[in-house]
């Protein structure tokens, strides 16, 4: 018995997952940068450098996704993760609904 593995799909899946995680980290960096800017803890020069670095990262991520042909794979992973997070938040915000579902 042999297992057929489609290398291209496997590569796209793994790269899609990795790039989705990189995008999530990028989102967290962007939020942290916004907090620092709004908190007034950065000089104008630091704000400029931070903004440029985030734009460079965004461009690099977009370029990698296009070059590797994984834009759709990344989108699918992000959509799945978004659904998962939505479900967890729903359970946290409405525990009574969640406990009813467990009992059913």
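In my numbering, the protein residues as written are 8 to 111.
Backbone N, C-alpha and C define an ideal beta-carbon position, used for all residues, glycine too.
Secondary structure at residue 77, three-state DSSP: helix, strand or coil?
coil
Less than 7 Å between the C-beta atoms of residue 75 and residue 24, yes or no?
no
Might you give, ordered along the chain, the residues of its own chain that have their beta carbon closer than 8 Å to the beta carbon of residue 61, omitting 5 neighbours on each side?
33, 36, 37 and 40
Taking buried to mean at least 16 other C-beta atoms within 10 Å of its own C-beta, is residue 104 buried or exposed?
exposed
Who are the near neighbours of residue 72 in its chain, counting only those whose CB is closer than 7 Å to its CB and skipping five residues on each side?
26, 78 and 81
Close beta carbons around residue 68, own chain, < 7 Å, minus the five adjacent residues each side
Excluding its 5 nearest sequence neighbours in each direction, residue 68 has C-beta neighbours in its own chain below 7 Å: 26, 29, 30 and 33, listed in chain order.
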